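Each remark here refers to the structure printed beneath this line.
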Amino acid sequence: GIPSLIDQRTGNAVIAVNLPLKDVVFADVMSERLGVPVFVDNDANLAALAEHRAGAARGYSEAILLTIGTGIGSGLILRGELYRGAVGAGAELGHTVIDLNGPPCQGNCPNHGCIESLASGTALAREARRIAHERPQSGLGSALAAGREFEGSLVIELAHDGDAAAIDAIKLIGTRLGVAIASFVNIFNPEVVVIGGGVMGAGELLLSAARAEMLARALPPSRDIVEIVPAAFGVEAGMIGAAALAFDGLTQRAA
291 GIPSLIDQRT GNAVIAVNLP LKDVVFADVM SERLGVPVFV DNDANLAALA EHRAGAARGY
351 SEAILLTIGT GIGSGLILRG ELYRGAVGAG AELGHTVIDL NGPPCQGNCP NHGCIESLAS
411 GTALAREARR IAHERPQSGL GSALAAGREF EGSLVIELAH DGDAAAIDAI KLIGTRLGVA
471 IASFVNIFNP EVVVIGGGVM GAGELLLSAA RAEMLARALP PSRDIVEIVP AAFGVEAGMI
531 GAAALAFDGL TQRAA
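Following this note's numbering from start to finish, the sequence shown increments by one per residue and tops out at 545.
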């Protein structure tokens with residue numbers, strides 16, 4: 291699994307938002323070097339596959355996975371199957387625009403106001419720094435004055451220690467996430483939305499804000515049945531999903 295748009299017709303890594311990958315014949319190159327069949331997919335797709343087979347989305351036929359770290363990855367389970375779109379590059383929900391006048395997205399994405407630019411770990415650090423300037427007496431303000439590096443992990447640490455400014459930063463990110471999830475709920479009518487990635491270290495501080503905003507914006511009956519839950523797997527999710535992908539691919543070849 292790699293963080294790239296994958297053309298499933300060829301196994302090529304077409305383009306990656308945050309990595310210098312473009313038109314890499316990934317499956318063929320790796321198969322030649324390793325001497326074994328290689329199956330390639332987007333890393334968030336594989337995390338979704340893992341959560342559906344054995345994690346928080348197990349038993350659901352309609353599910354969405356969002357992985358929130360430096361960026362926002364996503365995967366869709368529709369009618370019990372991983373959805374990839376016409377050529378395998380679908381389900382890039384992290385690049386859904388929720389603010390036309392929002393900040394520019396990262397890397398190769400040409401958009402402004404994507405949820406990746408507004409609700410990722412990178413966005414959390416940016417908003418926390420802004421709040422630290424506005425509230426210098428807060429824990430965030432003290433961290434800024436001390437020259438500490440502003441990352442999502444620092445904000446989460448301070449929030450768990452009870453710093454109101456850090457808590458507000460996380461709730462802001464959760465609210466923005468909820469705006470996007472409301473749209474996904476209206477479009478896909480999922481049974482469950484699974485949230486993973488490093489920012490999920492914030493736990494219910496993030497999830498409660500996302501749930502509240504989703505409930506305020508999504509339409510019934512979809513909003514009434516959907517659950518928003520933490521992922522079961524951490525950094526291993528992609529590896530578990532990759533194993534499932536390889537198993538499925540080899541099984542199909544042997545059939």
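For every residue, glycine included, the Cβ atom is placed at its ideal position computed from N, Cα and C. Computed from a predicted structure; not experimentally measured.
By Cβ distance, which residues of its chain are closer than 6 Å to residue i, with the 5 residues on each side in sequence left out?
i      : result
Phe329 : Leu535, Ala536 and Gly539
Cys399 : Val307 and His385
Cys404 : His385, Val387 and Cys395
Leu434 : Ala422
Arg419 : Phe440
Just to confirm my understanding: we take residue i, look at its own chain, exclude 5 residues before and 5 after, and list those with CB closer than 8 Å. What are they?
i      : result
Pro520 : Ala346, Val484, Ile485, Gly486, Met490, Gly493 and Leu497
His402 : Val387, Asp389, Leu390, Asn391, Gly392, Pro393, Pro394 and Cys395
State the Cα-Cα distance for the pair residue i and residue j, rounded to the nearest angstrom.
i      : j      : result
Lys312 : Leu408 : 25 Å
Gln298 : Tyr373 : 12 Å
Met320 : Val314 : 11 Å
Arg501 : Ala545 : 43 Å
Glu406 : Arg543 : 37 Å
Glu371 : Ser351 : 8 Å
Val445 : Glu417 : 10 Å
Ile296 : Gly431 : 42 Å
Glu447 : Ala459 : 12 Å
Ala436 : Leu462 : 24 Å
Ala472 : Glu481 : 13 Å
Gly397 : Gly359 : 14 Å
Ala415 : Glu441 : 5 Å
Ala303 : Pro310 : 11 Å
Ile457 : Leu495 : 7 Å
Phe474 : Glu526 : 25 Å
His342 : Glu517 : 14 Å
If residue i sits next to residue j, beta carbons under 8 Å apart, how far is it from one beta carbon to the other, in whole angstroms?
i      : j      : result
Gly411 : Gly524 : Rounded, the Cβ-Cβ distance is 14 Å, inconsistent with contact.
Ile292 : Phe316 : 7 Å
Whose C-beta lies closer than 7 Å to the C-beta of residue i among residues of the same chain, with five residues either side of it excluded?
i      : result
Asp333 : Gly291, Ile292, Pro293, Gly363 and Gly528
contact_flag[the segment 383 to 392, the segment 463 to 479] where n(CB pairs < 8 Å) is 3 or more: Cβ pair count under 8 Å is three or more, so yes.
contact_flag[the segment 332 to 347, the segment 360 to 370] where n(CB pairs < 8 Å) is 3 or more: Contact between the segment 332 to 347 and the segment 360 to 370 is present, because at least three Cβ pairs lie under 8 Å.
At least 3 beta-carbon pairs within less than 8 Å: the segment 313 to 328 vs the segment 443 to 454: Short answer: they don't touch.
Inter-stretch contact (C-beta, 8 Å, three-pair minimum) for the segment 392 to 402 and the segment 367 to 376: Touching, no, given that fewer than three Cβ pairs across the two stretches are closer than 8 Å.
The segment 377 to 386 touching the segment 420 to 430, judged by at least three CB pairs closer than 8 Å: Cβ pair count under 8 Å is below three, so no.
Any 3 or more C-beta pairs closer than 8 Å across the segment 501 to 511 and the segment 374 to 381: Output reads no: the segment 374 to 381 does not touch the segment 501 to 511.
Runs of beta strand (DSSP E) wholly within the segment 462 to 517 (minimum 3 residues, chain order): Uninterrupted beta strand (DSSP E) stretches at least 3 residues long and entirely within the segment 462 to 517 occur at 482 to 486, given in chain order.
Ranges of the alpha helix (DSSP H) found wholly within the segment 394 to 451, counting only runs of at least 4: Counting only runs of 4 or more, we get 405 to 409, 411 to 424, 429 to 435 and 442 to 450.
Ordered list of beta strand (DSSP E) runs contained in the segment 346 to 393, each at least 3 residues: You should have 353 to 358, 362 to 368 and 371 to 373.
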